[in-house]
Amino acid sequence: MRCDRKATAVNEVLVPGVAAQTKNSENPGFLDEMKPITELNETETWIFDLDNTLYPASSGLMAEVSSRMTLFVAETLGVASDTALVEQKRMFREHGTTLRGLMNDHEVDPDEFMAFVHTVDYTRVDRSPRLATVLSNLPGRKIVYTNASVAHAESVLDRLGVRDAFAGIFDVAAADYIPKPHPPSYAILATEHGVDPVHSVMVEDIAPNLAPAAEMGMTTLWVRHDSEPNPYWATPDGEADYVHHETDDLLAWLENVVKQA
Ligand SMILES: [Mg+2]
Numbered sequence: 045m046r047c048d049r050k051a052t053a054v055n056e057v058l059v060p061g062v063a064a065q066t067k068n069s070e071n072p073g074f075l076d077e078m079k080p081i082t083e084l085n086e087t088e089t090w091i092f093d094l095d096n097t098l099y100p101a102s103s104g105l106m107a108e109v110s111s112r113m114t115l116f117v118a119e120t121l122g123v124a125s126d127t128a129l130v131e132q133k134r135m136f137r138e139h140g141t142t143l144r145g146l147m148n149d150h151e152v153d154p155d156e157f158m159a160f161v162h163t164v165d166y167t168r169v170d171r172s173p174r175l176a177t178v179l180s181n182l183p184g185r186k187i188v189y190t191n192a193s194v195a196h197a198e199s200v201l202d203r204l205g206v207r208d209a210f211a212g213i214f215d216v217a218a219a220d221y222i223p224k225p226h227p228p229s230y231a232i233l234a235t236e237h238g239v240d241p242v243h244s245v246m247v248e249d250i251a252p253n254l255a256p257a258a259e260m261g262m263t264t265l266w267v268r269h270d271s272e273p274n275p276y277w278a279t280p281d282g283e284a285d286y287v288h289h290e291t292d293d294l295l296a297w298l299e300n301v302v303k304q305a
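Right, here's the structure in full:
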């Protein structure tokens, strides 16, 4: 069970200046399993989601991608946009991603889909020297783990100015088109990149995508969207014990980890 934010947040004590992040006054045993911030600077591998995690949701980039997905579904199925949106949401809900639904139910070519939906305005993403600095100071290897494509990830990382900070990009093609949150996707990531879950941290804006990571032994950080309300599909479900840390401000959170080093 996730703690009420009004309840005592243990890591507020450890990390002054960062908004309430953690877990779990009602389940003290859980805290024993969770690494405090002071130990996270010993992390071997940091696994970062890309979209709405490394850059803010308020950029509108993913909203534009989502609109392109609706258009793709409309054109592929030959339906109006309102019908396409209903179908898009069904596929996202039932398959994890729109692409997975299109591949399973409509035999869509994933490369064609990726190229279409990522024809978007990347200038929405601003350069972030602060992110570049904190990533270079953060001990441990960094990997991007995305349900999108390498090409999209590279476009975003180039805009942010942080491409060199990452040792690798693990995209949905590398995961045999099995998207997060399906557990086999995480297993392929761990094998391909030699990830030891117990010494890894996974960072994500879609909280349910953290569940398989926590199950494998990773420490998890949920990054809330900077637009309110946080969308329901990105929010932990009721009994979520897989969110170990949470923050409204990834940069400040990482800077505090660096400070503890
Ligand atoms: Mg994301």
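Each residue of the sequence shown is one higher than the one before, counting from 45 in this note's numbering.
Where a beta carbon is used, it is the ideal one built from N, C-alpha and C, also for glycine.
Values in this document were obtained by computation on a predicted structure and should not be read as measured data.
Any non-hydrogen atom of ligand 1 within 7 Å of residue i CB
| i | result |
| --- | --- |
| N300 | no |
| L97 | Reading off the sequence shown, one finds Thr at residue 97, where the question assumed Leu. Flag set: Cβ of T97 near ligand 1. |
| I91 | no |
Whether residue i touches residue j by CB criterion (8 Å)
| i | j | result |
| --- | --- | --- |
| A226 | G140 | Here the sequence assigns His to residue 226, which means Ala is not the residue at that position. Their beta carbons are under 8 Å apart, which means H226 touches G140 by this criterion. |
| F92 | V247 | yes |
| V188 | A197 | yes |
| V245 | L204 | no |
| P183 | N85 | yes |
| F136 | T127 | no |
| W185 | T89 | Position check: residue 185 holds Arg in this sequence, whereas Trp was assumed. Yes, these two residues count as a Cβ contact at 8 Å. |
| A101 | D270 | yes |
| P254 | Y286 | Note on identity: in this sequence residue 254 is Leu, with Pro being the wrong assignment. Yes. |
Residue i classed as buried or exposed, judged by whether at least 16 other C-beta atoms fall within 10 angstroms
| i | result |
| --- | --- |
| T52 | Bear in mind that the predicted position of T52 carries a pLDDT of just 28, short of 50, making it too unreliable to give a figure here. |
| D76 | Because the pLDDT of D76 is 39, which lies under 50, any placement of that residue in the model is unreliable, and the question is left without a value. |
| H150 | exposed |
| N148 | exposed |
| E290 | buried |
| W277 | exposed |
| A209 | buried |
| P275 | exposed |
| V130 | exposed |
| N68 | Since pLDDT at N68 reaches only 40, below the 50 mark, its modelled position is unreliable, and the value read off the structure follows with that caveat. N68 should be labelled buried. |
| R134 | exposed |
| D215 | buried |
| D249 | buried |
| G73 | Low confidence applies to G73: its pLDDT is 35, below 50, so where it sits in the model is not reliable, and the reading given next is rough at best. By the 10 Å Cβ count, G73 comes out exposed. |
| P252 | buried |
| S193 | buried |
| T235 | exposed |
Those residues which DSSP pairs with residue i across a bridge
| i | result |
| --- | --- |
| S111 | In the DSSP output, where bridge partners are listed per residue, S111 has none listed. |
| F92 | V188, V247 |
| T291 | V267 |
| G212 | I187 |
Distance cut-off 7 Å: residue i Cβ against heavy atoms of ligand 2
| i | result |
| --- | --- |
| D249 | Ligand 2 is absent from the structure shown, which contains only ligand 1. |
message = Counting beta carbon pairs with one atom in the segment 150 to 160 and one in the segment 87 to 102, are three or more of them shorter than 8 Å?
response = no
key: Meets three-Cβ-pair contact criterion under 8 Å: the segment 101 to 119 and the segment 158 to 171   = yes
task = Would you check if the segment 217 to 235 and the segment 116 to 126 touch, i.e. whether three or more CB-CB distances between them fall below 8 Å?
result = no
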